[in-house]
Ligand SMILES: N[C@@H](CCC(=O)N[C@@H](CS)C(=O)NCC(=O)O)C(=O)O
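In our numbering, the protein residues as written are 762 to 962.
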């Protein structure tokens, strides 16, 4: 299988961490691309009409996307158990919350990158950051118990979302209002799957 990817993407990182944690590194090759909404990459659009990454090209079926579908597929393939039946809806909701943080943070980057300093909408950027901080507050207040115990896709998602905040928003101190989450992340970030997939680009 080939993962169409870029090492800066938090959604790609979710998949790469899942690959590592599920013991599938020998089965998933990587095809780096420069994914951009303004200049779609031909390898990406050939496999995914949306031109988005991550996209997983399989030998025995059509390419699959997005990150939630790919992670669930890999979990099933490896029998990894990252979506425990007993807490399925909670795990999926935590994963969706993490994905929402990533989406908002990626949109902040796009607003700056594609509109430039002149055209960019500062209020809109702050509104996206508002989504991020509300979500972090809810994780701190309601979800900490789900971040301990056996690894789940919710934990992987939250770890990758926080890693992306450090990567793209180093000047915004996301840790200050959420000390328990910050402490959890300090430990999670040391996992081999996380250090092996640190964002670059
Ligand atoms: N919901 C998607 C989001 C993927 C996404 O937005 N990826 C970005 C990179 S971080 C991308 O491909 N951007 C290029 C584009 O939007 O055309 C997922 O979970 O995989």
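Where is the CB? At the ideal position from N, CA and C, for every residue including glycine.
Computed from a prediction, not measured in an experiment: that's the story for all the values here.
Cα atoms of residue 831 and residue 871: separation of roughly 24 Å, rounded to the nearest angstrom.
Residue 904 has its alpha-carbon roughly 26 Å from the corresponding atom of residue 886. The shortest C-alpha to C-alpha distance from residue 898 to any of 855, 951, 882 is the one to 855. Judged by beta-carbon spacing, residue 900 lies beyond the 8 Å limit of residue 818, meaning their Cβ atoms are not closer than that value. Residue 906 counts as exposed, since fewer than 16 other C-beta atoms from the protein chains shown sit within 10 angstroms of its C-beta. Taking 8 Å as the cut-off, the Cβ atoms of residue 962 and residue 767 count as close. Here residue 846 is exposed, its C-beta having fewer than 16 other C-beta atoms within 10 Å.
Our two residues, residue 851 and residue 797, have alpha carbons roughly 32 Å apart in a direct line.
Of the candidates 780, 824, 864, the residue whose Cα lies closest to the Cα of residue 838 is 780. Between residue 930 and the set 956, 957, 866, 877, the nearest pair of CA atoms involves 866. Beyond the five residues adjoining it in sequence on each side, residue 812 comes within less than 8 Å, by CB distance, of 796, 798, 801, 802, 805, 806 in the same chain, given in chain order.
Relative to ligand 1, the nearest heavy atom lies less than 7 Å away from the CB of residue 867. For residue 884, the secondary structure class from DSSP, reduced to helix, strand or coil, is helix. About 10 Å separates the Cβ atoms of residue 925 and residue 869, ruling out a contact at the 8 Å cut-off. Nearest to residue 823 by C-alpha distance, out of 793, 873, 763, is 763.
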